[in-house]
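Numbering (this note's numbering), first residue to last: 53 to 397.
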């Protein structure tokens, strides 16, 4: 009786979430290769020599709002996002290679849909709810299917042509087997994707569960003033030589301060979660090393890297890619099975 109840929940949740899941999985899978897609669409981004930090700092000083990424191996250019969301790309000599306004190309549309359903903060809230429902969908599917007597034969798939009557069994077996075989990457993608929608809740909750923090030695702040990004980056490299600058905020805070994010060698997050703050035309005024945070907070910062396959090398990238493909296959086979079975009845 309880299996029947789980089956009904799984069926109606699947029919409700099918279109959303296909589109989110499709855009997310393509965005694993965002850099390659941009270079395919914009040839000027190919074969660029990675600019130096000094060359990047010169470009940053041209902007007074937005944020910018430091050049790195997988993105060998200077990338600046202004306050309106327009993205500018420069080479090492400061020459502008490309301007991408928000919604100016299909990659931008994919990013905004995958992150916010094209609805800004409202879309983020909707994505969070749909993500939680998708986890219930997966859980009810596994519980409904789980065999009383386990055997690898329960995962076999007998293929039939769509024109054949046995095709309905093929759809069911393909739906069942792909979901079970790839349950790990599917679950990780859904959990991390949902957690990204609730960053404050996740980080604060994990921090309470794992409050331990590493004791860090406080280094006195250097007293030299910084009037531009080159000087700020120079101070950062001398103050934290073991950390690499990854992102700078070009818009000053309400107090007129400038912030910078850095990444240490053992950190998963590609943009880093350590912060340095500089006074306007002044010295370094605060430093926040992520390693001094609670173990729970540090764990929460592994969510995003796992979701975008920024860690784990080619093995986890392949698993993530296959998980995304299966997340498209599951709703397609599920809805198709439901429709064929309905017609048969």
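C-beta: ideal position from N, C-alpha, C; glycine also.
Asked                                                                                                          : Found
Sequence-distant residues of its chain with Cβ nearer than 6 Å to residue 187 (five each side left out)        : 242
Closest residue to residue 278 among 264, 387, 310, 378 (Cα-Cα distance)                                       : 310
Buried versus exposed, by CB contacts within 10 Å (16 or more), residue 300                                    : buried
Beta strand (DSSP E) segment containing residue 131, residue limits                                            : 130–133
Three-state secondary structure assigned by DSSP to residue 346                                                : strand
Any non-hydrogen atom of the ligand NAD closer than 8 Å to residue 227 Cβ                                      : Within the structure as shown, the ligand NAD is missing, as the structure has no ligands at all.
Neighbour-count burial assignment, residue 143, 16 or more Cβ in a 10 Å radius                                 : buried
For residue 177, the first and last residue of its enclosing alpha helix (DSSP H)                              : 172–197
When 124, 254, 110, 94 are compared against residue 414, the one with the closest alpha-carbon                 : Only positions 53 to 397 of the chain appear in this structure, which leaves residue 414 out of reach.
Buried versus exposed call for residue 264 [16 or more other C-beta atoms within 10 Å across all chains shown] : exposed
Alpha helix (DSSP H) runs wholly inside the region 245–318, at least 4 long, in chain order                    : 251–261, 281–291
Opposing strand residues paired with residue 148 [DSSP bridges]                                                : 142
Secondary structure of residue 221, DSSP reduced to three states                                               : helix
Which residues DSSP lists as bridging residue 336, in chain order                                              : 330
Cβ pair residue 316, residue 342 closer than 9 Å                                                               : yes
Exposed unless 16 or more other CB atoms sit within 10 angstroms - verdict on residue 268                      : exposed
Same chain, Cβ closer than 6 Å to residue 197, five either side skipped, listed in chain order                 : 228
Proximity test, Cβ basis, 9 Å: residue 259 and chain B                                                         : Absent from the structure is chain B; it holds one protein chain and no more.
Which of helix, strand or coil DSSP assigns to residue 108                                                     : helix
The region 132–139 touching the region 109–118, judged by at least three CB pairs closer than 8 Å              : yes
Close Cβ partners of residue 149 (< 7 Å) along its chain, the five nearest in sequence each way excluded       : 96, 97, 129, 141, 142, 143
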